[in-house]
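So the structure is just underneath, and the comments pick up after that.
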Amino acid sequence: MSQSPVMVNPLKEGLKIEQASEPCAMVVLGAHGDLTKRKLVPALFALHQQGLLPPGFCIVGMSRTKMSDDEFRQSMARSIQQFAPEIPFDQSTWERFAAFLYYLPSNFGKEEGLFDLAKLLKELEQRHGTRGNNIFYMATPPSLYGQIVDRLAESGLTQMHPGLKAPWPRIIVEKPFGRDLSSARELDLHIHNSFEEEQVYRIDHYLGKETVQNIMVLRFANGIFEPLWNRQHVDHVQITNAETIGVEGRGGYYEEAGNMRDMIQNHMLQLLSLVAMEPPISLDAEATRDEKTKVLKSMRPFDLKSLKKFAVRGQYGQGFIAGQPVPGYRQEESVSGESKTETFTALKLFIDNWRWADVPFYVRSGKRLGRAITEVAIHFKRAPHRLFSLDADDGGQALGPNALVLQIQPDEGICLKFATKQPGPTTQLRWLSMDFKYGTAFGVRSPSAYERLVHDCIQGDATLFARTDAVDASWSLISPILQEWAQTPCNQFPNYAAGSWGPAESDEMLLADGRAWRII
Ligand code: BG6
51 MSQSPVMVNP LKEGLKIEQA SEPCAMVVLG AHGDLTKRKL VPALFALHQQ
101 GLLPPGFCIV GMSRTKMSDD EFRQSMARSI QQFAPEIPFD QSTWERFAAF
151 LYYLPSNFGK EEGLFDLAKL LKELEQRHGT RGNNIFYMAT PPSLYGQIVD
201 RLAESGLTQM HPGLKAPWPR IIVEKPFGRD LSSARELDLH IHNSFEEEQV
251 YRIDHYLGKE TVQNIMVLRF ANGIFEPLWN RQHVDHVQIT NAETIGVEGR
301 GGYYEEAGNM RDMIQNHMLQ LLSLVAMEPP ISLDAEATRD EKTKVLKSMR
351 PFDLKSLKKF AVRGQYGQGF IAGQPVPGYR QEESVSGESK TETFTALKLF
401 IDNWRWADVP FYVRSGKRLG RAITEVAIHF KRAPHRLFSL DADDGGQALG
451 PNALVLQIQP DEGICLKFAT KQPGPTTQLR WLSMDFKYGT AFGVRSPSAY
501 ERLVHDCIQG DATLFARTDA VDASWSLISP ILQEWAQTPC NQFPNYAAGS
551 WGPAESDEML LADGRAWRII
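Going letter by letter, the sequence shown gives residues 51 to 570 in this note's numbering.
Set out below in structure tokens:
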């Protein structure tokens with residue numbers, strides 16, 4: 051059994067004052083899947099440990115696999131220890147948690163399954179005092195979302211009493227939300243037939259990451275950054291999401307999705323909107339989401355005639371990660387030997403508004419890259435006049451430009467790059483950085499993204515969830531590229547080796563602007 055680290059209450063440390071959570075049941079549809087065991091149940095257990103679950107709470111896992119409550123509980127206990135070893139696991143806390151954890155082996159795609167669920171939820175309402183409030187968590191394959199929502203409605207589980215705010219249903223929808231603009235809109239229609247927009251929580255786990263939330267604090271709780279955060283001072287912004295892992299047994303899903311749908315449409319554009327948004331008038335969910343959506347709506351549509359200058363796609367071939375040989379994407383399980391799916395994307399984006407006119411935002415994301423890292427780097431304009439000589443002994447790096455790097459993962463922190471004089475009789479410049487590391491500064495475990503987001507949904511706080519208009523705006527931006535790419539499959543795939551930094555065209559895109567990706 052591991053030693054308890056100091057636990058942090060995310061909400062006391064977070065952006066908002068804690069609100070009272072109402073009693074409710076959380077139903078996980080697709081409870082036999084990876085998400086439930088790797089992320090959701092560990093997050094719920096950690097919340098229980100911190101006393102952040104409301105009184106009158108219970109969890110129902112539902113899927114077709116036959117299992118008793120006890121078998122489900124045992125399997126979840128093993129999963130927490132295996133997938134979330136950082137969460138201290140002790141038997142008595144676990145037993146208190148397991149007492150409100152249930153399993154329903156039934157088919158949620160069929161009417162009978164949902165009637166079974168409605169019956170169980172009624173019983174649990176009596177037993178645990180959930181007051182009939184229910185959260186439905188879609189942890190199923192995305193292709194099932196629409197039909198599940200319809201079945202939930204048919205079984206009466208999404209009904210609200212006219213004029214009353216409770217009992218309420220809420221729904222948490224995992225990404226991908228649709229696979230293009232029209233399917234996202236269609237799914238929205240299904241959902242809105244039964245749920246009001248404020249009952250819909252489109253989850254994007256990047257928004258639950260501590261360092262992503264810190265972007266708003268850094269920008270709007272400090273007076274020194276915001277005056278520089280605009281086209282007068284910022285030369286360009288780079289957002290990098292690099293993974294060393296491949297598709298990890300998810301070849302079937304990934305073949306359908308590709309990097310653009312898997313990472314860019316959601317995580318990367320959400321990150322970008324937090325970096326670029328105007329200060330919201332309050333921390334209210336709608337005020338914050340209004341500003342983020344405005345950014346997405348201001349993004350310049352891609353000129354499909356010169357798409358190659360703005361969008362690069364790549365697919366990894368075999369190579370080496372940490373010195374070990376790894377197969378190419380086309381050799382992964384459930385992937386076609388002639389796959390045209392992109393595992394890497396680099397984009398040059400513009401936000402056509404007053405603050406960011408003509409400032410490029412370069413975004414790249416890919417699997418099997420040289421290092422696992424996600425960061426946002428704000429590159430500032432160079433000093434207007436060059437006083438110091440060019441031959442600094444660091445290959446010219448000391449000539450800048452200054453960069454403020456928000457390190458999202460794995461070493462969460464912030465660092466500011468600037469030039470200094472090296473000690474000595476001559477004026478030699480050295481490029482240094484001022485570093486802040488979350489781990490050393492606070493010395494506590496950061497809550498997982500799912501802990502934060504599940505807790506927010508229980509509290510009815512949708513700030514960190516994607517609103518319908520934001521999802522619409524992000525699909526509007528990228529659907530035309532997806533269409534164009536589908537019509538003109540890339541014949542050069544694979545075009546980067548595993549362990550490299552993506553295809554040469556990604557570097558060339560920046561080089562054409564006289565810039566380069568930051569060396570990480
Ligand atoms: C998921 C994607 O949403 O995010 C995965 O489906 C990706 O393909 C993962 O690996 C990355 O998340 P994180 O938190 O590890 O950066």
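We put the CB at the ideal spot given by N, CA and C, even for glycine.
Exposure of G373 is indicated by the presence of fewer than 16 other C-beta atoms within 10 angstroms of its C-beta. For K215, the Cβ stays outside the 7 Å cut-off from all heavy atoms of the ligand BG6. Per DSSP, reduced to three states, the secondary structure at K169 is helical. With fewer than 16 other CB atoms across the displayed protein chains lying within 10 angstroms of its CB, R436 is exposed.
Spatial neighbours of F352 in its own chain (CB-CB distance under 7 Å, excluding positions within 5 residues in sequence) are listed in chain order as F360, A361, P530, I531. Between the alpha carbons of G387 and V376 lies a distance of about 16 Å.
In this chain, the beta strand (DSSP E) harbouring W481 covers 479-487.
From the listed residues L194, L94, W525, the smallest Cα separation to I241 is found for L194.
Under DSSP, P155 shares a beta bridge with S113.
Residues L194, Q197, I198, R201 of the same chain have their beta carbon placed closer than 7 Å to that of G159, with the five preceding and five following residues left out of the count. Sequence-distant partners of T294 (beyond 5 residues in either direction) whose C-beta falls short of 6 Å from its own C-beta, in its chain, are I371, A422. Burial is judged here by how many other beta carbons sit within 10 angstroms of a residue's own beta carbon; R123 has at least 16 and is buried.
An exposed status is given to W404, since fewer than 16 other beta-carbon atoms sit within 10 Å of its beta-carbon.
Taking the Cβ atoms as the reference, R517 lies roughly 5 Å from R339, within the contact range of under 8 Å. By the criterion of a C-beta distance shorter than 7 Å, T208 is surrounded in its chain by L202, P219, S244, F245, once the five residues flanking it on both sides are discounted. Rounded to the nearest whole angstrom, the C-alpha separation of V426 and A326 is 11 Å. With three or more CB-CB distances shorter than 8 Å, the stretch 78-95 counts as touching the stretch 123-134.
Using a Cβ distance threshold of 8 Å, M188 and E247 do not count as a contacting pair. Taking the Cβ of T86 as the reference point, every heavy atom of the ligand BG6 lies at 7 Å or farther away.
Inclusion of S524 and Q315 in the CB contact set at 8 Å is warranted, their separation being smaller than that value. By the Cβ-count criterion, T343 is buried, with 16 or more other Cβ atoms from all chains shown falling within 10 Å of its own Cβ.
Of the candidates V78, A93, N183, V78 places its Cα closest to the Cα of T190.
DSSP assignment within the stretch 333-367 yields the following whole alpha helix (DSSP H) runs of 4 residues or more, N-terminal first: 335-347. For P219, the three-state secondary structure derived from DSSP is strand.
Annotation for G564: no residue places its beta carbon closer than 7 Å to its own, counting only its chain and skipping 5 residues before and after.
Q459 has its CB nearer than 7 Å to a heavy atom of the ligand BG6. For K259, the three-state secondary structure derived from DSSP is coil. Rounded to whole angstroms, the Cβ separation of F394 and Y546 is 6 Å, and the two are in contact under 8 Å. Selection D461, P497, G489, V297 evaluated against A134 yields P497 as nearest (Cα-Cα). Counting along the chain, the unbroken alpha helix (DSSP H) around Y304 starts and ends at 301-309.
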